[in-house]
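Beneath this line is the structure, given in structure tokens, with notes to follow.
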Amino acid sequence: MTKGLLALGLVVLTVSGCGERPSGTKVAEDPFVSAPSQLATNVIVTFSDSSLVKARLYASAGRILEDQQKTTMSGPVTVDFFDRDNLDPVARLTADSCVVDDRTKNMVAIGNVVVNSLRRQLTLRTSQLSWIQSSQRIRSDDEVRIDTPQERIDGVGFESNQDLTSYRLSRVRGVQRK
Numbered sequence: 060m061t062k063g064l065l066a067l068g069l070v071v072l073t074v075s076g077c078g079e080r081p082s083g084t085k086v087a088e089d090p091f092v093s094a095p096s097q098l099a100t101n102v103i104v105t106f107s108d109s110s111l112v113k114a115r116l117y118a119s120a121g122r123i124l125e126d127q128q129k130t131t132m133s134g135p136v137t138v139d140f141f142d143r144d145n146l147d148p149v150a151r152l153t154a155d156s157c158v159v160d161d162r163t164k165n166m167v168a169i170g171n172v173v174v175n176s177l178r179r180q181l182t183l184r185t186s187q188l189s190w191i192q193s194s195q196r197i198r199s200d201d202e203v204r205i206d207t208p209q210e211r212i213d214g215v216g217f218e219s220n221q222d223l224t225s226y227r228l229s230r231v232r233g234v235q236r237k
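By the working numbering, the letter at position 101 of the sequence shown is numbered 160, and the numbering carries on one by one without gaps.
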């Protein structure tokens, strides 16, 4: 009889232990699933097409996340943009960090983004900026500020070629003459 009660007790305990987790309980995420497959310091990445250098990125640290097909760079991050002759940079971007899509090679610069045109006296400031590698264009949906020797333009939404010689603002908020 005691063996029967003991067996019944074990069955009840086993069945009561099998059930769904309460909704407030979380399973710990495996840190190795989202961990980078490669880490590097003092990183230099060259973006090129048909042996023409389009851009060169410099970062303090880089992390390749193969499962997400992206590479994250932490700063400071500097990107030199080149034109077709590949001799000297035409613009320079600095940011706190960036993320590169490993499939498309597009880049998103994040935090204190500043782009200086090295052909014109023009500086662009924003919080986030995308570079589209295939078209060599930059864009932002965030607030932007453009400074030239003649004026300061504040607006929202921006698109330009990468050397800032031809740009468009989606919505101008103000222009201040200097």
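Backbone N, C-alpha and C fix where the C-beta goes; we use that ideal spot for every residue, glycine too.
Of all the options R178, L152 and P208, which has the alpha carbon lying nearest to the alpha carbon of R198? L152
DSSP three-state assignment for D126, whether helix, strand or coil: helix
Would you call the CB atoms of F106 and D222 closer than 9 Å? no
Applying the criterion that 16 or more other CB atoms from any shown protein chain within 10 Å of the CB defines a buried residue, is G121 buried or exposed? buried
Since T207 sits in a beta bridge, which residues does DSSP pair it with? Bridge partners of T207: none, in fact.
Pull the bridge partners of N220 from the DSSP assignment, please. R196
Indicate whether S176 and A150 have their beta-carbon atoms separated by less than 9 Å. yes
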